[in-house]
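Residue numbers (the UniProt record's numbering), protein chains in the order written: chain A, 1 to 367; chain V, 1 to 367.
There are 2 protein chains.
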Amino acid sequence: MPPPSGIELQPGAQGLDFANYFVSYGYLYHQKDMLQDRGRMTAYRNAILQNASCFEGKVVLDVGAGSGVLSIWAAMAGAKRVYAVEATSMAQHARRLVQQNGVQDVVVVLEGYMEAQELPEKVDLIVSEWMGYFLLREAMYDSVLAARDKWLKPGGAMYPSHAFLRMAPLCSALYGSRLAEFDEEVSQWGEFSSWMLDGNGINVNGLTGFFAREQQEYLLQSAQWCQLRQSEVIGDEFSVSEFDLHTTTTKELASFSTSFRSVISEDALLNAFGGWFDTDFNGSAAEPAPKPVTLTTAPESATHWAQQVFLVHPPLLVEVGDTLEGIVKVARQKLNHRLLWVQLTLTHSRAGVGQVGPERTLNFRID
Amino acid sequence: MPPPSGIELQPGAQGLDFANYFVSYGYLYHQKDMLQDRGRMTAYRNAILQNASCFEGKVVLDVGAGSGVLSIWAAMAGAKRVYAVEATSMAQHARRLVQQNGVQDVVVVLEGYMEAQELPEKVDLIVSEWMGYFLLREAMYDSVLAARDKWLKPGGAMYPSHAFLRMAPLCSALYGSRLAEFDEEVSQWGEFSSWMLDGNGINVNGLTGFFAREQQEYLLQSAQWCQLRQSEVIGDEFSVSEFDLHTTTTKELASFSTSFRSVISEDALLNAFGGWFDTDFNGSAAEPAPKPVTLTTAPESATHWAQQVFLVHPPLLVEVGDTLEGIVKVARQKLNHRLLWVQLTLTHSRAGVGQVGPERTLNFRID
Ligand SMILES: Nc1ncnc2c1ncn2[C@@H]1O[C@H](CSCC[C@H](N)C(=O)O)[C@@H](O)[C@H]1O
Ligand SMILES: Nc1ncnc2c1ncn2[C@@H]1O[C@H](CSCC[C@H](N)C(=O)O)[C@@H](O)[C@H]1O
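Structure representation (structure tokens):
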């Protein structure tokens, strides 16, 4: 979608906006998509309104306020003051909603890039919906952690407080359809190639391998958005990483690796891994939430995040009880730090047999 | 499509690349789309190979060489030297094709932004495929005209030499479908609005008008890519502008307005205007092409550009012989100068009646 006519980026935000990151957030259309996500809404609403005692009389910062919904709930929960910071001109709609919902004496909407804001005071609590695909895509946690370090009082609370990134082996329907697409593209290149020579006198055969590699990267080595069914999961889910938002640093999130182990639960063709996240709202150590809330995006949870699928090509034949062990590496892409690289190094072993096949290294982009 | 892993922008290009303009050109997939466009290919191939006498022994510059196809043809036509300048890493594939087609002694591929190149000599002829939707979208003519002013010898030739931007009144099938989409979005907002109040305690009614305006801008006031049939054209085509590439300036192209007049040829509902372009390859005044070529993108011509459709909402009832008169303004968008604004000011008159209805002003974005 094109930028709405009104959108103007704050100076300073532009350099960080290589992928036109902010543009879509300037649309009500896109904010509405998020506001219609019932899993997301229920979790944040309960986290705030069912833990109103943690908000009462507090100074709250909403990082990336969008339409202002979290700020309005914080005000309803009894906050004394809420700073709602939003980079795009959506801030102007947030201001309208704040007014229309009668919380204008509590909520102050600030239009601008979080990192460039000066607040008149430190805050007791930061609330933010910053999660992207595979938790870390969009790298908005950068802004949330910077806001925490600059504006949160010592001992203050983060909502959400914890985040968990998980994966599991899959037998996914996506595999067959992407592979068919890949084959189709490669065969179309063949026809194109003949036409270039016969019709245009130009030999493009030397590019066939490059074209196939480009399509492979795009169709088979880029993570796919997908609504997984539980039946596609064929082994233990494993943890890729866990963060306490009160203490984690940008550096830890920007690049890390973890070893994993997963036991296969059925005889199947392992043709993918799935990835998703959960976030918990537990409050702070000093002031735990009386009603902790979890927002899950696991298979069948039906949020707008759905899950990410990483294809394993060629696939592996696995049996109940087989073990997968290896290392997952997650890092930002160099050219656009809001996007990710994921690398899986993998060995497959079977009781009584030992290692099955060679170690595999799989590389993926999350674009 | 995401950027291919290899793509790195030249320093300097980045500031001009707000819309990630260059990213897609780094893909063979996208270059293939252009190479498969038979109308485009036939016109350029004939313009070069059927006018080989104009290329023989000449020094040629190919601005935005992509896969290098035009440079290879120029070499086949007998050019002494061809400089193929390409901003993206596609230049590396161009170098491979040049080699594989045996013209490496003639064609020098230079990877980098045209404006940042130093050539060892001035050139006799510039060839370039720079046209975007509605001719001017992408604003690549900037780079072509800058190259002309800096590198073309006095009296040198531009291929293409002339460009024509045209419009005509339509009765288009697109109108009904876009209007239905608009109505659907507005009615969905209504349901969303109720759910926000009942389920989340937040009143979003105040944003209804803003949402409708946003959807209107997107669905009804943005030009649409469309393959028009001749039967959708219901009146005289008119000229929006004509350029001689040898003399036109960036300033003239960046913003202009023209008056127009179109006589209606059938009783119909005028619900849109169509826009398209032709380019001519006539050679220079000093050395006219012996076989001039025209590349047309008019309705039914089936190039990848197709046509642009600008909806007229609400539509106008017109009769055979009615006259439309007015002014078309074309300008770059402020935020992204590669995109366009189009404004039509319009009066409708009928013999024996005079002016029918008030003057209308219609605004469109080409995104
Ligand atoms: N550094 C930053 N400063 C200010 N706003 C930011 C930001 N990074 C992201 N944002 C904004 O954060 C929002 C994230 S989407 C969440 C919107 C809203 N809080 C809700 O829950 O519905 C977007 O509107 C985006 O424009
Ligand atoms: N200022 C500039 N400098 C160098 N290359 C440019 C440029 N502006 C656009 N380009 C390149 O110009 C190409 C236009 S598409 C045409 C490609 C090729 N000449 C063909 O006819 O098939 C793209 O590959 C784009 O990357």
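Glycine included, each C-beta is placed from N, C-alpha and C at the ideal position.
{"Asked": "Against chain A, with Cβ distances strictly below 7 angstroms, would Arg338/V count as a contact?", "Found": "no"}
{"Asked": "Are the beta-carbon atoms belonging to Arg332/V and Ala223/V less than 7 angstroms from one another?", "Found": "no"}
{"Asked": "Taking all protein chains shown into account, decide if Leu317/V is buried (16 or more other Cβ within 10 angstroms of its Cβ) or exposed.", "Found": "exposed"}
{"Asked": "Please classify Glu266/V as buried or exposed, where buried requires at least 16 neighbouring CB atoms within 10 angstroms.", "Found": "exposed"}
{"Asked": "Whole-angstrom Cβ separation of Phe281/A and Ala168/A, contact assumed at under 8 angstroms?", "Found": "In fact, because the Cβ distance is near 24 angstroms, the residues do not count as touching under 8 angstroms."}
{"Asked": "Taking 7 angstroms as the CB-CB limit, is Asn203/V close to chain A?", "Found": "yes"}
{"Asked": "Should Gln355/A go down as buried or exposed, given a rule of 16 or more other Cβ atoms within 10 Å for buried?", "Found": "exposed"}
{"Asked": "Scan the segment 83 to 105 of chain A for residues whose Cβ lies nearer than 7 angstroms to a Cβ of chain V and list them as they occur along the chain.", "Found": "His93, Arg96, Leu97, Gln100 and Asn101"}
{"Asked": "What separation, rounded to the nearest whole angstrom, lies between the Cα atoms of Thr303/A and Met196/V?", "Found": "17 angstroms"}
{"Asked": "Please confirm if Gly64/A has its CB atom under 7 angstroms from at least one CB of chain D.", "Found": "In summary, chain D is missing from the structure at hand, where the protein chains are A and V."}
{"Asked": "Use the C-beta contact count for Ile327/V: other C-beta atoms within 10 angstroms, 16 or more gives buried, fewer gives exposed.", "Found": "exposed"}
{"Asked": "What's the C-alpha gap between Asp198/A and Arg38/V?", "Found": "13 angstroms"}
{"Asked": "Is Gly275/A closer than 7 angstroms to Phe134/A when the C-beta atoms are compared?", "Found": "yes"}
{"Asked": "For Leu16/A, which residues from the same chain have a beta carbon less than 7 angstroms from its beta carbon, with the 5 sequence-adjacent residues on both sides left out?", "Found": "Residue confidence for Leu16/A is low, a pLDDT of 42 falling below 50, so the modelled location carries little weight; the figure read from the coordinates is stated next. Here the set comprises nothing."}
{"Asked": "State buried or exposed for Glu359/A, treating a residue as buried only when at least 16 other CB atoms are found within 10 Å of its CB.", "Found": "exposed"}
{"Asked": "Is it the case that the Cβ atoms of Phe364/V and Gln221/V are separated by a distance below 7 angstroms?", "Found": "yes"}
{"Asked": "For ligand 1, is there a heavy atom less than 6 angstroms away from the beta-carbon of Tyr83/A?", "Found": "no"}
{"Asked": "Starting from Ile366/V, follow the beta strand (DSSP E) in both directions and report where the run begins and ends.", "Found": "Gly354 to Ile366"}
{"Asked": "Go ahead and pull the three-state DSSP assignment for Asn336/A.", "Found": "coil"}
{"Asked": "At a cut-off of 6 angstroms, would you count Thr88/A as near ligand 1, judging by its Cβ distance to the nearest heavy atom?", "Found": "yes"}
{"Asked": "Between Met114/V and Gln31/V, how many whole angstroms is the CB-CB distance? I'm expecting something under 8 angstroms.", "Found": "Not really, about 17 angstroms apart at Cβ, beyond 8 angstroms."}
{"Asked": "Starting from the beta carbon of Ile72/A, find every residue of chain V whose beta carbon is closer than 7 angstroms, and list them in chain order.", "Found": "Ile202"}
{"Asked": "Roughly how many angstroms lie between the CA atoms of Lys80/V and Ala147/V, to the nearest whole one?", "Found": "19 angstroms"}
{"Asked": "Evaluate Gly201/A with the Cβ neighbour count: other Cβ atoms within 10 Å of its Cβ, from every protein chain shown; 16 or more gives buried, anything less gives exposed.", "Found": "exposed"}
{"Asked": "Note down the Cα distance separating Lys334/A from Leu340/A, rounded to an integer number of angstroms.", "Found": "9 angstroms"}
{"Asked": "Quick one: grab the DSSP three-state call for Met158/V.", "Found": "strand"}
{"Asked": "Look at the alpha carbon of Ser259/V and the alpha carbon of Val240/V, and state the distance between them as a whole number of angstroms.", "Found": "8 angstroms"}
{"Asked": "In three-state terms, what does DSSP make of Ile72/A?", "Found": "helix"}
{"Asked": "What's the C-alpha gap between Ser177/A and Phe277/A?", "Found": "25 angstroms"}
{"Asked": "Cβ of Leu245/A within 7 angstroms of Cβ of Trp151/A?", "Found": "no"}
{"Asked": "Taking the continuous alpha helix (DSSP H) assigned at Ser89/A, which residues delimit it?", "Found": "Note, Ser89/A: premise wrong, no alpha helix (DSSP H); not H, not E."}
{"Asked": "At a cut-off of 6 angstroms, is Phe281/V close to ligand 2 when judged by its beta-carbon and the heavy atoms of the ligand?", "Found": "no"}
{"Asked": "Where does Gln224/V sit, in a helix, a strand or coil, going by DSSP?", "Found": "strand"}
{"Asked": "Between Glu129/A and ligand 1, is there a pair consisting of the residue's CB and a ligand heavy atom that are separated by less than 6 angstroms?", "Found": "yes"}
{"Asked": "With distances taken between CB atoms, is the gap from Leu324/A to Ala272/A smaller than 7 angstroms?", "Found": "no"}
{"Asked": "Apart from the five residues on each side of it in sequence, which residues of its chain come closer than 7 angstroms, Cβ to Cβ, to Gly321/V?", "Found": "Val263, Ile264 and Ala351"}
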